[in-house]
Amino acid sequence: MRRLLTQETDARSRIRIDGLTSRAGYLIRQAQLWVFEDFNATLAPLDIRPSQYSILVVIRDNPGLSQMALSEVLGIGRSAIIPPLDELQSRGLLERLPTSDRRTHSLHLTGAGIALLEQAESLVQEHERRLMDKVGPQGHQQLLQVLKVFGRNR
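Each residue of the sequence shown is one higher than the one before, counting from 1 in full-length UniProt numbering.
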């Protein structure tokens with residue numbers, strides 16, 4: 001088995017991918033894979049996924065936000081935002097409160113949601129440090145500046 005793994009590793013090291021490594025799209029995808037893998041592993045002890053983390057952060061920073069506004073700012077379809085909100089609510093991390101318009105609810109973090117998000121923020125800082133270690137402090141700042149071009153809320 002060990003010999004087979006060594007042979008596969010040797011074969012991969014001889015495969016040329018120069019035609020891809022000169023393409024931004026390929027490199028962005030490789031970076032995305034590293035970031036997602038590390039981010040998922042970082043938040044795994046809290047049983048929280050990146051999309052749930054994003055939802056909690058936006059609700060924390062915008063208490064009373066509607067589900068529709070949340071879905072729009074995160075680029076998640078209106079029907080696709082419901083399952084993660086249901087799960088976070090069932091875990092006692094957020095609550096939906098009725099508004100004067102009976103068709104909408106305002107979103108708020110619970111005490112448990114705030115506490116979990118504080119733990120998550122600490123872990124996310126570790127993730128950011130690992131990313132910074134990979135590209136260096138100046139590279140990290142440059143990366144943020146370049147990626148902001150693609151952000152929804154520029």
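For every residue, glycine included, the Cβ atom is placed at its ideal position computed from N, Cα and C. What you are looking at is a predicted structure, and each value in this text was computed from that prediction instead of being measured.
| Item | Value |
| --- | --- |
| Local conformation of residue 105 per DSSP, three classes | strand |
| Three-state secondary structure assigned by DSSP to residue 96 | strand |
| CB-CB length for residue 127 against residue 36, believed under 8 Å | Not really, about 11 Å apart at Cβ, beyond 8 Å. |
| 7 Å Cβ shell around residue 118 - same chain, five flanking residues per side excluded | none |
| Separation of residue 31 from residue 135, as counted between CA atoms | 11 Å |
| Exposure label - residue 154; buried when at least 16 CB within 10 Å | In this prediction, residue 154 has a pLDDT of 44, which is less than 50 and means its spatial position is unreliable; what the coordinates show is noted afterwards. Burial call: exposed. |
| Unbroken alpha helix (DSSP H) run spanning residue 24, endpoints | 24-43 |
| Residue burial classification, residue 26 (beta-carbon count within 10 angstroms, cutoff 16) | exposed |
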